[in-house]
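Its first residue numbered 14, the sequence shown is counted upward by one per residue in my numbering. The block underneath contains the structure these notes are about, expressed in structure tokens.
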Amino acid sequence: MYSDNEILFPHYAIPALRNTRDGQWAQLVDDLEGKPETSPEILGLMSLMIDLNGCLSCETDSFRAMRGCTACAKQTLRRCKDNDEELRRSFQERVTQMRNHDPSADQ
14 MYSDNEILFP
24 HYAIPALRNT
34 RDGQWAQLVD
44 DLEGKPETSP
54 EILGLMSLMI
64 DLNGCLSCET
74 DSFRAMRGCT
84 ACAKQTLRRC
94 KDNDEELRRS
104 FQERVTQMRN
114 HDPSADQ
């Protein structure tokens, strides 16, 4: 029943998103292949998907949670009205945020 649901969008679902859109999006997913899950690029895409998918409001017994994170993310991207350029711009902003984040400032 619960295929691959997590608390937040998981890094392992990224490759499955490649064919949900064309052009710049597919290239973005290709560019992330092989990067460690803690890289600013992976974390930036995860942050973008968390917002697009509405992961923070997802309940474990909801229909979308039961379908799994990968299926939810694919559906979200198919329905997303932003074009690939807008998604890529948002991704780049998040990567910059990840790179500029200083964990020692949180203490």
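Ideal placement from N, C-alpha and C gives every residue a C-beta, glycine not left out.
query	result
Meets three-Cβ-pair contact criterion under 8 Å: the segment 56 to 72 and the segment 99 to 106	yes
Contacting residues, own chain, Cβ-Cβ under 8 Å from E46 (five flanking each side not counted)	P28
Cβ neighbour criterion (16 or more within 10 Å) applied to E50	exposed
Spatial distance of Y25 from G36 (CA atoms)	21 Å
V108 versus L56: straight-line alpha-carbon distance, rounded	7 Å
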